[in-house]
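Worksheet: one structure, shown below.
Numbering (my numbering), first residue to last: 184 to 746.
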């Protein structure tokens, strides 16, 4: 029974304010032997996960890490908690680190393990971690930047078989856990922080600060979906936990928000998270083998960078996907052709595509099934999603100013506090509109008469060519419609005449005809949207989470300046 647990989460009216550490311990007390994590041949129960998380929490607390200023004393861009950097690939240690930090009231945050020394130094200096949990393979690069960090952080090195010795002053992670009891004196709060750094696709990474009570609802989906309301108590949450547990495999790195949310959301409803045997990088064959072996019920991916390799592997045949019921994609576009092919190969598969961002959580979705395809490429917004006018003058409603009106995708209600250490950006991204504080991450949408929204693209990725706006995602989607194109990235190139003009980097099947590709685009796009030049490459560079590297794409045209 879950109702025997004494939780610290407070209630606000008819809803409970959740702390993620308490949620884990509640489930562990009620279902101690239920499987929480599967990594290759090893399985870890909820009680085992809670025990290891508590040991990490105790180790951090014994060294003076935790909360030093309560939320009520701070501005929205400030933190009153010590920070833990998670410089890790996927695996059980990542999840332990999250919950262990939460137990000690320490705020963990994600580190992109592909960063070079200069990028890594910027991120760590911006966040100022008091501790770093890292895989041993990253020790040499971390050693390069440690002299720039003041004061020196506590170093917890996770043995990954790479053979790198402990850095000077570092502690072996496993030894640290075994040196302390599984009890932590601190009492977590719903106000404790959840921190996720943006990917820095179009600028420098920024640390987004959420209250755990808010992120639990807005991104992890911890609410009573059948009743259409938030949970009223931990007992209420127990109704979801009592159901037969699902098994979720997040394909993208946990350093990516969408993947981390999938893992945390699954665990906080009593489900299991599965990692392939080798979880260091995405491998479609290993993912599908894990689905078969562990009877995975849901996969989460980040757009075409994961969807297309899954299609290729499925087309080889011989796979039993009978357990797989749902595929969820978020964080990047999933092309309709890829979606349709997945559903042809797995006819019972339901595909869910979400829109949102690190600064908003999930804001809308569309669902499709082979027997009930998506009626259009529009999304149904969730209850707290709003559309703000292009000039920020107010919120729009279906039918305002015509049948198809464009504006900013925004969210109200449970939203982040702000950006770590940046008061100005916090005020800009989280303004007051019509008397309500909202988050406006920068996505432009078209509001349809029936209330659905069409995603136009991120404003920071818009190309202004001769006074006309071009959303790169629209052009990329058209390019991927071409049967010879496997992947594409669109960006701007400097032009004396137009200021900027549209160009594209493409990866396709042998024998791509550029003139024919241009003609294909002219039949589907306004003239100013058609790429003026193409670069054909063997592979589009994307980050480990599947997002395009737009700066790399622009460099393919760096020497060009057209009239």
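For every residue, glycine included, the Cβ atom is placed at its ideal position computed from N, Cα and C.
All values reported here derive from a predicted model rather than from experimental measurement.
| Check | Outcome |
| --- | --- |
| Closer than 8 Å is the cut-off here; do at least three beta carbon pairs connect the segment 426 to 445 with the segment 726 to 736? | yes |
| Could you tell me whether the Cβ atoms of residue 235 and residue 363 are closer together than 8 Å? | no |
| From the DSSP output, read off the bridge partner residues of residue 316. | 269 and 339 |
| Return the residue from the list 701, 679 and 693 that minimises the CA-CA distance to residue 687. | 701 |
| State the CB to CB distance for the pair residue 624 and residue 548, rounded to an integer number of angstroms; the pair is presumed to be in contact (CB under 8 Å). | Not confirmed; about 17 Å, so no contact. |
| With 16 other CB atoms within 10 Å as the buried threshold, where does residue 397 fall? | buried |
| CB-CB under 6 Å to residue 389, same chain, minus the five flanking residues each way: which ones, in chain order? | 381 and 602 |
| Would you report the Cα separation of residue 318 and residue 275, rounded to the nearest angstrom? | 12 Å |
| Which residue's Cα is closest to the Cα of residue 217: 265, 507, 428 and 478? | 428 |
| Assuming residue 733 and residue 685 are in contact, meaning their beta carbons sit under 8 Å apart, how far apart are those beta carbons, in whole angstroms? | The Cβ separation is near 13 Å, so there is no contact. |
| Flag this pair as yes or no: are the beta carbons of residue 656 and residue 561 separated by less than 8 Å? | no |
| On the three-state DSSP scale, how would you describe residue 366? | coil |
| Would you say residue 423 and residue 452 are within 8 Å of each other, going by their C-beta atoms? | yes |
| How would you label residue 251, buried or exposed, when you count the other beta carbons within 10 angstroms and need 16 or more for buried? | exposed |
| Terminal residues of the continuous alpha helix (DSSP H) containing residue 749? | Given that the chain is displayed from residue 184 to residue 746, the structure contains no residue 749 and the question cannot be resolved. |
| Since residue 663 contacts residue 520 with CB under 8 Å, what's their CB separation in whole angstroms? | 7 Å |
| Using beta-carbon positions only, say whether residue 407 and residue 419 come within less than 8 Å of one another. | yes |
| Does DSSP put residue 433 in a helix, a strand or coil? | strand |
| Using the three-state DSSP reduction, which class does residue 427 fall into: helix, strand or coil? | coil |
| Beta-carbon within less than 8 Å of residue 305's beta-carbon, same chain only, minus the 5 sequence neighbours each way: which residues are those? | 387 and 388 |
| Identify the continuous alpha helix (DSSP H) that holds residue 491 and give its terminal residues. | 487 to 498 |
| Whose C-beta lies closer than 8 Å to the C-beta of residue 350 among residues of the same chain, with five residues either side of it excluded? | 322, 325, 326, 329, 338 and 340 |
| Do residue 511 and residue 483 have their C-beta atoms within less than 8 Å of each other? | yes |
| Buried or exposed: where does residue 747 fall if 16 or more other Cβ atoms within 10 Å of its Cβ makes it buried? | The shown model of the chain, from 184 to 746, leaves out residue 747, and the question about it has no answer. |
| Could you say which of 680, 668, 678 and 683 lies nearest to residue 151 if we only look at CA atoms? | Past the boundaries of the shown model lies residue 151; the chain is included only from 184 to 746, so the question cannot be answered. |
| Return the first residue and the last residue of the alpha helix (DSSP H) that residue 733 is part of. | 733 to 738 |
| Since residue 601 sits in a beta bridge, which residues does DSSP pair it with? | 392 |
| State buried or exposed for residue 464, treating a residue as buried only when at least 16 other CB atoms are found within 10 Å of its CB. | exposed |
| Relative to the C-alpha of residue 259, which residue among 300, 227, 564 and 610 is closest? | 610 |
| Could you spell out where the beta strand (DSSP E) holding residue 702 opens and where it closes? | No beta strand (DSSP E) holds residue 702; the alpha helix (DSSP H) holding it covers 697 to 705. |
| Residue 188 to residue 566, Cα distance in whole Å? | Residue placement at residue 188 cannot be trusted, given a pLDDT of 31 that sits under 50; what the coordinates show is reported in the next sentence. Distance between the alpha carbons of residue 188 and residue 566 is about 31 Å. |
| Could you check which residue in 641, 281 and 256 has the C-alpha nearest to that of residue 267? | 281 |
| Is it right to say residue 299 is buried, meaning 16 or more other beta carbons lie within 10 angstroms of its own, or is it exposed? | exposed |
| Runs of 3 residues minimum, wholly inside the segment 588 to 641: which ones carry the beta strand (DSSP E) assignment? | 588 to 594, 626 to 630 and 636 to 641 |
| For residue 430, count neighbouring Cβ atoms within 10 angstroms of its own Cβ and tell me buried if that reaches 16, exposed if not. | buried |
| Look up residue 445 in the DSSP assignment and say whether it is helix, strand or coil. | helix |
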